[in-house]
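Here's the structure we're looking at; comments come further down.
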Amino acid sequence: MSSTTEFRAQAMVLAAGRGERMRPLTDHTPKPLLPVRGKPLLQHSLEQLAAAGVGRIVINTGWLGQQVADAWPAKADMGGQAVQIRYSREDLDFGGGIETTGGISRALPLLDDAFWLVSGDVFIPGFPFDETLRQRFVQSGDLAHLWLVPNAPHHPKGDFVLTEDDRAETPAADDTRPRLTYCSVALLKKELFAPPFCDIPPGNPQGVKMPLVNQLRAAMLAGRCSASRYDGVWVDVGTPERLAAIGG
């Protein structure tokens, strides 16, 4: 993993997944590089981040990671905006992806104290990665801020409840409140990946695998997870049919 003391990324983009449901398309092409409207799927989010002023980005890699690393150089032009990119090569370090919290913990030395998290397999073309949102989050006592979207047909039960005071909660099985779906865009703080919320050592030297939902639920229980509803275009590009529906 490349690192410098000066590099503190304001965003991490997740690009390590295998994309099993996208096979055979992903047998030889990592899902973030599948074409959507004339450019790689991940390029859309990278350009949006750059346009919003996010100048330093970490991308983690897993399946066919070299293709991802070859796609964007360390200094990249994103629609006229210069962006510095570093890679967390889980494929080289551990032989494959180590899930979301595992990957974030691995890349933690490269990240700013508060950073955007974006999944490389979502298409959310109108989302405002506004620096004012990040700064507001920095000043808050929250460890996570999630964006929640209306439930898609393939995920009708949703994930979390959005309360009237803009908090995210994990509902009990008998909770009748309506749920929304976490859209894989969030603001997070490094503190969420340290005790008592996470017991993976800094930098995750052993490549421990762990999903992010563990930390999110812990933050919710501590009352430190806020959320907003997002009603713009959002697609979880998880199947060839959904890819085709957005112009892939």
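So for the sequence shown, the numbering used here puts the first residue at 18; every next one is plus one. Think of the CB as a built atom: it goes at the ideal place given N, C-alpha and C, for glycine as much as any other residue.
C-beta atoms of Asn77 and Ser105 nearer than 8 Å:
Position 60 of the sequence shown, counted from the start, is the residue given in the question as residue 77. Position 88 of the sequence shown, counted from the start, is the residue given in the question as residue 105. Yes, Cβ-Cβ distance for Asn77 and Ser105 is below 8 Å.
Can you list, in chain order, the residues of its chain with a C-beta nearer than 8 Å to that of Asp159? Leave out the 5 residues immediately preceding and following it.
For the purposes of this step, residue 159 is identified with residue 142 of the sequence shown, where counting begins at 1. So the qualifying residues of the chain are Lys206, Ala236, Arg241, Cys242 and Ser243.
Secondary structure at Ala261, three-state DSSP: helix, strand or coil?
Here the question's residue 261 lines up with position 244 in the sequence shown. Three-state result, Ala261: helix.
Answer yes or no: do Cys200 and Ile263 have a C-beta to C-beta separation smaller than 8 Å?
Counting from one through the sequence shown, the residue named residue 200 turns up at place 183. Counting from one through the sequence shown, the residue named residue 263 turns up at place 246. In this structure, Ile263 does not lie closer than 8 Å to Cys200 by Cβ.
Kindly provide the ranges of any alpha helix (DSSP H) runs that are 4 or more residues long and lie completely inside the region 135-170, ordered along the chain.
148-156
Is Leu59 closer than 8 Å to Gly137 when the C-beta atoms are compared?
Looking up residue 137 in the sequence shown gives position 120. Looking up residue 59 in the sequence shown gives position 42. It is a contact, given that the beta carbons lie within the stated cut-off.
CB Gly79 to CB Gly34, shorter than 8 Å?
Residue numbering aside, residue 79 sits at position 62 when the sequence shown is read from its first letter. Residue numbering aside, residue 34 sits at position 17 when the sequence shown is read from its first letter. Contact: yes.
Name, in chain order, the residues that DSSP records as bridge partners for Pro57.
On the sequence shown, residue 57 is found 40 positions in, with the first residue counted as 1. Looking at the DSSP assignment, Pro57 forms a beta bridge with Pro52.
Shorter than 8 Å from the beta carbon of Arg241 to some beta carbon of chain C?
Among the chains of the structure shown, chain C does not appear; only one protein chain is present.
Give the C-beta separation of Leu150 and Leu204 to the nearest angstrom, bearing in mind that I take them to be a contact with Cβ-Cβ under 8 Å.
Against the sequence shown, residue 150 aligns to sequence position 133. Against the sequence shown, residue 204 aligns to sequence position 187. The Cβ separation is near 7 Å, so the contact holds.
According to the neighbour-count rule (16 or more other Cβ atoms, all chains shown, within 10 Å of its Cβ), is Pro218 buried or exposed?
As a working note, residue 218 is residue 201 in the sequence shown. Pro218 comes out exposed.
Count Cβ pairs between the region 44-52 and the region 91-101 that sit closer than 8 Å; are there 3 or more?
no
Is the beta carbon of Arg234 closer than 8 Å to that of Leu165?
Position 148 of the sequence shown, counted from the first residue, corresponds to residue 165. Position 217 of the sequence shown, counted from the first residue, corresponds to residue 234. Taking 8 Å as the Cβ cut-off, Leu165 and Arg234 do not qualify as a contacting pair.
For Val250, collect the residues of the same chain with a Cβ closer than 8 Å to its Cβ; drop the 5 residues on either side in sequence, then sort them by chain order.
Translated into the one-based positions of the sequence shown, residue 250 becomes position 233. Here the set comprises Phe140, Ile141, Pro142 and Gly143.
Give me the DSSP bridge partner(s) of Arg103.
Numbered from its first residue, the sequence shown carries residue 103 at position 86. Note: Arg103 sits in a beta bridge opposite Val75.
Under 8 Å between C-beta atoms of Ala26 and Leu134
If you number the sequence shown from 1, residue 26 lands on position 9. If you number the sequence shown from 1, residue 134 lands on position 117. The answer is no: Cβ separation not under 8 Å.
Measure the CB-CB distance between Thr193 and Phe177 and report whether it falls below 8 Å.
Walking along the sequence shown from the start, residue 193 turns up at place 176. Walking along the sequence shown from the start, residue 177 turns up at place 160. Contact: no.
Where the beta strand (DSSP E) containing Thr198 begins and where it ends
Reading the sequence shown from its first residue, position 181 is the one you call residue 198. Its beta strand (DSSP E) spans residues Thr198 to Lys206.
Can you tell which of Leu260, Cys215, Arg153 and Gly70 has the C-alpha that lies nearest to the C-alpha of Asp94?
Start at 1 with the first residue of the sequence shown, and residue 94 comes out as number 77. Of the listed residues, the one whose Cα sits closest to Asp94 is Gly70.
For Ala91, the three-state DSSP class (helix, strand or coil)
As a working mapping, residue 91 is identified with position 74 in the sequence shown. Ala91: coil per DSSP, three-state reduction.
With distances taken from CA atoms, which of Gly255, Lys226 and Arg259 is nearest Asp110?
Translated into the one-based positions of the sequence shown, residue 110 becomes position 93. Checking every option, the nearest Cα to that of Asp110 belongs to Lys226.
Going by other Cβ atoms of all chains shown within 10 Å of its Cβ, with 16 needed for buried, is Val75 buried or exposed?
The residue you call residue 75 lines up with position 58 of the sequence shown. So Val75 counts as buried.
Does DSSP put Met227 in a helix, in a strand, or in coil?
Position 210 of the sequence shown, counted from the start, is the residue given in the question as residue 227. Reduced to three states, the DSSP call for Met227 is coil.
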